[in-house]
Every structure is written in C-alpha cells, then in structure tokens.
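First comes the structure, then the notes that go with it.
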Amino acid sequence: MLTINSPISLSMAEDLAADYDVLVEEEQEVELDFGEKFDLEIEDKAADLKERPPVITIMGHVDHGKTSLLDAIRTTNVVEGEAGGITQKIGAYQVVKDGKRITFIDTPGHEAFTDMRARGAQVTDIAILVVAADDGVMPQTVEAISHAKVAKVPIIVAVNKIDKPEANPMKVKQELMEHGIVSSEWGGDVEFVEVSAKKKINLDGLLDTILITAEILELKGNIKKRAKGVVLESRLDPKIGPIADILVQEGTLKIGDVIVAGEVQGKVKALLNDKGERVNNATVSQPVEVIGFNNVPDAGDTMYVIQNEQHAKRIVEEVRKERKIQETTKKTISLESLSDQFKHEDLKELNLILRADSKGSVDALRDSLLKLSNDEVAVSIIQAASGAITESDVKLAEAAGAIIIGYNVRPTTKALKEAEISKVEIRTSGIIYHITEDIEKALAGMLEPEYKEEYLGRIEIKKVFKVSKVGNIAGCVVIDGKVKNDSNIRILRDNVVIYEGKLASLKRFKDDVKEVVAGQECGLGVENFNDIKDGDVVEAFEMVEVKRTLK
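For the sequence shown, this note's numbering begins at 9 and goes up steadily by one.
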C-alpha cells in the first residue's frame, strides 16, 4: 500500500498527471557511487601514483583444475622461500615472483564478476581462464568468458593438465577461437600458457605472463591517501566478533582507522595478512583480515576510511536510507524498460543471454536474433548455451543489463528466486518466431524516432497591436482547421515563408486557451519574432512521431 511519502513509478505519475492536465518530465538520474556521493574520493597526484601488484581471479569449468592451480602456485611460492608458511584462507593471498607481488582472489570465479559488480565493485585486473588440455572447452568455460568480457577484464588462458597423455593444447586453442579468444601466436591478443598444476610444470611461465600483462596495463596506486577497499568475504567469529576480508584498492589501511562499508562502521582493532600474521598496515592490492567492524559487512561493499566516528555514523545512516529507497524503486531489467531507456540514452545494443534445449537450437536462435541487427541498433549475445536457465545466468544478466531468453527450457528454482530479487526478466517460449518477434519490437523501440509534419490549420492576421513589455500581438481569425497553443507555425507574406518557429501565446479575448477552431477570432504571440504584419498568413502544424520498424 502506498503512503504519502512512497515513491511512485513514472507511468503511475503520468496517469495521475493526465487527470490534472499536467505534463510529467522524467529527470535523467545521475548515479553517483558511494564515494562521490559522500565526497570520500580524493584525486590522486601523478607523482603519488606508483606501480601496484595485479589482482588475479582464476575461472574455468568445474574439474579443470582451478583450485589445484591456486594451491600449486601458493605452495610452490612458499617452498621457494617466502616466509610464514602456507597461506590461510582469507579470500585472497599474495605470491612473489622476481621481487614483484601478485594478488590472487581465492573465491569462486564468477562471484568476482557478478556479485561484486552488481554492487559496483571492480575487483579483478586480469582473469586466468583454466582449460583442461584433455577436455577442451566446456559450458562453464564459455560462461567464464562471458563474465570476463562483460567486466572488460583481460584474459590469460592457462591450458592445464598438459602432463596427461591425451592432452591436446591445439584443440583448446581452436575451440576457444570459436568464442573470440584468439592466441597471440595466431594473431590475437590473448596469451596462452601450458601448465600442469599437479606436476607443477611451467607455473613460473604463468606468473611471468601475468607480470608482463600487468606491466602493459600500467596498474598504479597511491599509498599516501586514506584507504579504500572492497569486502571479499565476511563472517561472525563467536570469540572475536565481525571479521571482514578486505582487498585494499587505494591508500594505506592502518590500525585505529575509522571505517565504513555499506551499512556498517567500525574502527580497525587488528589487521592480519594472508599468512595470519598481525601487521600495522596494508597497502594497495594487499588482502588483509580486518577486525573492528560493529557488524558483519556484505561481500562486495566498498570500504572507506573516514575522518571520525561521527561522520562515519552519518554516512551509514544515509546509506541505510538510500538502500531502502532503492529497494522500492529499483527498475526491472525488461524488454520494455530497456526499450524506453534507449529513447533517452545513446545506447543502441540490446544485451541478451540465450538458453535452449540443444546446441542446434542455440545456434538457430542465435542466428535468427543476430539477423535483426542493422546499422542503427544491434543484438548483442552475451552468452548462449544449452540447458536450463541457471542462477549464474541471472547474475550475469544483472551485471550486463541483459534479458534472458529461453527456448524450450525453464529456469531452475534458484534462478527464479534470484531473478525476482535482481529484477531480471526471463522470457521463455517454445516457438522461435515468438521470441524473434518480441526482440524485433524491442529493437524498433531503440531506433531514432522519425517525424512527419501534420497540417493543423491557417490563420489570417487582421490587426497587429504593440503591447509594452510583450511586443507585437496579432489579432487574427482562423480560416480553416484549428491552431493549438503549442503549435509549430510558418508565417507567410505574399506566399513566401518569412519565419518558422513556435507560438508563444494563444488567447481568446483575454483568456489563454489551448486551441481555437475555424471561424473563431484569437490573439497570438510568436516566439523570437516581432515583425508580424497585417495580412500575413500563419500556417499551424505539428510534428507527429512515425512508428518505425526494422524493415
């Protein structure tokens, strides 16, 4: 039930306004992130920006060796001399190669791109795509590629299990090329590294490739400013209290710093590095366990260091209020809402995620939809695969602003629940034509509008009056048709157009009116034109939008 303070949708406002003859204009929302809104972002000086460690996420199909590769890199690095023993699990860890640090995010790959990005957090610099040399490209491999592309994160392919007799790295390259991942050896821009996590083969080669890629990306950070980071994981320890695993992204986090993350605040009581050692501070790209929050923050929330506890409290209260408003006003990602959005923005790609009952159906559906693209608008297939619509599909759709299309398949229970929470539209049908028809209508709504001139009527100027502070007002009679108070007009003198513009006013006697019809007298004023004369003829017209189609 709505109360006097409840937010309402644009369509509801337009319905109400129509009853009172009022025009509703939608104000284009300028979304500020947390830091901009509360003036927490501090501009960096070029001299303060120094090289920082790259942050890496490992992705790939189940059983292709993601966890094994992480463990192999971690344990090998310990054996090679880094003190402190094997890394404890705090959501991320660092290794050292040739004196340079590399940070690995130790979370399920997709979460680094979907859950985090849904909250506005960009965590990863480089994605390592693990593909088993004996198995090749699998459904989750394709899914991982889609997530990385949506996040605009560069990919390095780790071809794992090359120690196996049936390993076929060439097959992996060929299959990945079909999904737009082309090896640099074949003229593409993706580095492929052949490794074996089990036998610890060529792990140094992979680390070298990461460092070279990071050097090309020119990753820099400023350790002198107040810290900013992202919550990777969080939990409630019965003895210690709330604990958050934070990846520091800017500045230096220190003991005693006042911090906020989403709807929680605190003061840093203790910092533990990825080896479980207590430290006094943590700098850019360093993962650290933070103790001191008054509650458990959400994964994906951005952490900021604040001047004092009073300011932190005010920010947390504002964030809490804002999130409640966002929950009630969050727009559904649907064909209708996106089509309407395209009218206001320079956004001309419709993002889709496709699911079908077989690979053949996927290909047929993809081909049918891609054919709808033209020079003005385009269908962009973020991901296409066979099988049921999954929770991961919904998270990807939310991150990419995409619609999910299902042909002869249904969403899982978890996917339905996630779609309801995320307000992502899932459209399913057993007829390809119905799907293409829906998408065609949505694309047509994205086209730049065309207008045609529609004649309204003609007015003859009988007498021109000069009114102080107003200018010339013309006394007229409508010869045929009608004239509206917001009409476009042309003024003709001896059948020559001397002015084209809009009416400034329309009156009958002393009253402002909306329109005057044939045979009636009226007075009118003209925008930005004061040379109107007796005997001039005014043509009134309006520009009417013509519904466009793709064909």
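Heads up, the beta-carbon is just placed ideally off N, CA and C, and yes, glycines get one too.
Is the CB-CB distance between Thr83 and Ile113 below 8 angstroms?
Cβ atoms of Thr83 and Ile113: not closer than 8 angstroms.
Would you call the CB atoms of Ala135 and Ile163 closer than 8 angstroms?
Yes, they are a contact pair.
Same chain, Cβ closer than 6 angstroms to Lys262, neighbours up to 5 away in sequence not counted:
Asn289
Environment of Asn316 [buried if 16+ CB atoms lie within 10 Å]:
exposed
Are Ile361 and Gln318 close, meaning C-beta to C-beta below 8 angstroms?
no
Flag this pair as yes or no: are the beta carbons of Lys275 and Gly264 separated by less than 8 angstroms?
yes
Gly465 to Ile540, Cα distance in whole Å?
18 angstroms
Between Ala450, Gly73, Ile443 and Gly483, which has its C-alpha nearest Asn137's C-alpha?
The question names Asn, but residue 137 in the sequence shown is Leu. The shortest C-alpha separation from Leu137 is found at Gly73.
Minimum C-alpha distance to Gln148 - residue among Thr420, Tyr507, Leu358 and Met67
Met67
Hey, could you find the ends of the alpha helix (DSSP H) Arg374 is sitting in?
Taken as a continuous stretch (DSSP letters only), the alpha helix (DSSP H) holding Arg374 covers Lys367 to Leu378.
CA-CA distance, Ile497 and Glu186?
57 angstroms
Assuming Thr422 is part of the alpha helix (DSSP H), what are its boundary residues?
It is Lys, not Thr, that sits at residue 422 in the sequence shown. Lys422 -> alpha helix (DSSP H) spans Thr421 to Ser430.
My guess is that Pro62 and Thr111 are in contact by the Cβ rule of under 8 angstroms, so how many angstroms apart are they, rounded?
Sure, about 7 angstroms apart at Cβ, within 8 angstroms.
Determine the DSSP secondary structure at Val324, reduced to helix, strand or coil.
helix
Where Leu464 falls: helix, strand or coil (DSSP):
strand
Compare the beta carbon distance of Tyr459 and Glu553 with 8 angstroms and say whether it is the shorter of the two.
yes
Which residue from Glu406, Thr421, Gln130 and Gly509 puts its Cα closest to that of Ser430?
Glu406
Taking the alpha-carbon of Ser388 as reference, which of Ala410, Lys403, Leu404 and Lys207 has the nearest alpha-carbon?
Per the Cα distances, Ala410.
Through-space distance from Val292 to Ala100, alpha-carbon basis:
13 angstroms
Can you find a CB in chain C that lies within less than 8 angstroms of the CB of Thr436?
The structure shown has no chain C; it contains just one protein chain.
Compare the beta carbon distance of Lys321 and Gln273 with 8 angstroms and say whether it is the shorter of the two.
Contact flag set, yes.
Please look up how many angstroms separate the CB atoms of Ala372 and Ser394, rounded, as I've assumed it's under 8 angstroms.
Not confirmed; about 12 angstroms, so no contact.
Where DSSP assigns a beta bridge to Thr111, which residues make up the other side?
DSSP output for Thr111 lists Val63 and Gln102 as bridge partner(s).
Whether or not the segment 378-385 and the segment 410-419 are in contact is what I'm after, with contact meaning three or more pairs of Cβ atoms, one per stretch, closer than 8 angstroms; do they touch?
In short, these stretches do not touch, since the Cβ pair count stays below three.
Same chain only: Cβ atoms within 7 angstroms of Leu40, ignoring 5 sequence neighbours per side:
Residue placement at Leu40 is flagged as unreliable, the pLDDT there being 43, under the threshold of 50; a coordinate-derived value is accordingly withheld.
Taking only the alpha-carbon atoms, compute the straight-line gap between Gly531 and Tyr463 and give it to the nearest angstrom.
So the alpha carbons of these two residues sit roughly 20 angstroms apart.
Which of helix, strand or coil DSSP assigns to Lys492:
strand
Measuring only the C-alpha atoms, how far is Glu271 from Gln102?
Approximately 29 angstroms, taken between the alpha carbons.
Specify the secondary structure class of Thr398 as computed by DSSP and reduced to three states.
coil
May I ask which residues mark the beginning and end of the beta strand (DSSP E) holding Ile231?
For Ile231, no beta strand (DSSP E) segment is defined, and its DSSP state is neither H nor E.
What whole-angstrom Cβ distance do Gln528 and Val472 have, given they're in contact under 8 angstroms?
The pair is not a contact, with the Cβ atoms about 19 angstroms apart (cut-off 8 angstroms).
DSSP state of Met146, grouped into three classes?
coil
Which whole runs of the alpha helix (DSSP H) in the segment 234-290 are 4 residues long or more, in chain order?
Within the segment 234-290, no run of alpha helix (DSSP H) reaches 4 residues while sitting entirely inside it.
Considering only residues of the same chain and omitting the five flanking positions on each side of Ser369, which have a CB-CB separation below 6 angstroms?
Hits under 6 angstroms: Tyr415.
At what residues does the beta strand (DSSP E) containing Pro295 begin and finish?
Pro295 to Phe301
Secondary structure at Lys58, three-state DSSP: helix, strand or coil?
The answer is strand: DSSP assigns Lys58 an E or B state.
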